[in-house]
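The structure appears below as structure tokens.
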Amino acid sequence: MTAPPADVPGSQTGPRHVALIMDGNGRWAQARGLPRAIGHREGVQALKRTVQAAPELGIECLTVFGFSTENWRRPAEEVSDLMGLVRSYVASDLNRLDREGVRVRVLGRRAGLPADIRAIIERAESTTATNDRFLLQVAFNYGGRADLVDAAQAWVDRVLAGEATGPLDEAALETGLSTAGAPPVDVIVRTSGERRLSNFLLWEAAYAELVYQDVLWPDYGPEALGDAVRQYRQRDRRFGAVEVEPVLAAG
Ligand code: FPP
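Counting from 166, one number per residue, gives the positions in the sequence shown under our numbering.
Quick look at the structure:
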């Protein structure tokens, strides 16, 4: 792991794992009188800049929300644009990501995605499976509730197959989540000034710090990510415990 740069102050080290809700592509385009598709295209450029900058800030894993289970409600043309961006992102960047030691993992339900997108996802994951310099998790057709349902169902299936016995506990449920094995999520960042989780990483959010930034996603990059890291390092994480004051010796 790269050591955190000295010029990012704070009492906290890390974060190791940053999750990003990349919001504001539509408003960025609208403000310029451009179609929303251009906002999403610029969003991909912002994603590339951010992935590039993350290891230099000591981050080991980025999880980004690319397409939610609710995004199917958008107009068909916009859904098709977002699928097209996955095709072009993987076509243009997979080799570079692989050379740079990035392991790509896609979270979310594969069923329901176009067959060629499923094949692209599988190629991205298998090409980079042994890389260990950095983990990029792309949530695509992902919903936190659906992921929890799938994890519970996976456990039920294991019980029915005689591979597990009850009662279900947190550790057992966690092994069925699509994020299993990734470092714990330290911070969830949402851009564009909106302040909600929108069904992202519901389980993993339990002790994550939340950082809201006003920047629209297409304007995101190393500077904004550095600012999020700075905010995180100033937080006091207690995980439900209290800080114990040192007891002064009497006399
Ligand atoms: C939110 O902006 C953004 C999305 C729904 C999609 C995020 C996708 C990208 C950045 C494209 C790259 C993704 C991959 C996986 C290659 P919005 O459209 O909701 O913005 P608005 O709230 O301003 O309308």
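Idealized CB from N, CA, C, for every residue including glycine.
Spatial neighbours of A337 in its own chain (CB-CB distance under 8 Å, excluding positions within 5 residues in sequence) are listed in chain order as W320 and A329.
Taking the Cα positions, C226 is about 19 Å away from F232. For the set F365, G273 and Q195, the Cα lying nearest the Cα of I353 is the one of F365. CA-to-CA, the gap between L300 and D258 works out to about 15 Å. A straight line joining the alpha-carbon of G346 with that of D379 spans about 31 Å.
A heavy atom of the ligand FPP is found nearer than 7 Å to the CB of S357.
In this structure, the CA atom of L185 is about 11 Å from the CA atom of V216. As the crow flies, the alpha-carbon of I285 is around 22 Å from that of R214.
Annotated three-state conformation of G249 is helix, per DSSP.
In this structure the region 298 to 314 does not touch the region 372 to 388; the number of beta carbon pairs closer than 8 Å is below three. Within the DSSP bridge table, the entry for Y377 names R355 as partners. Per DSSP, the continuous beta strand (DSSP E) segment holding V183 begins and ends at H182 to I186.
Relative to the non-hydrogen atoms of the ligand FPP, the Cβ of M187 comes within a distance shorter than 7 Å of at least one.
The three-state secondary structure of N260, taken from DSSP, is helix.
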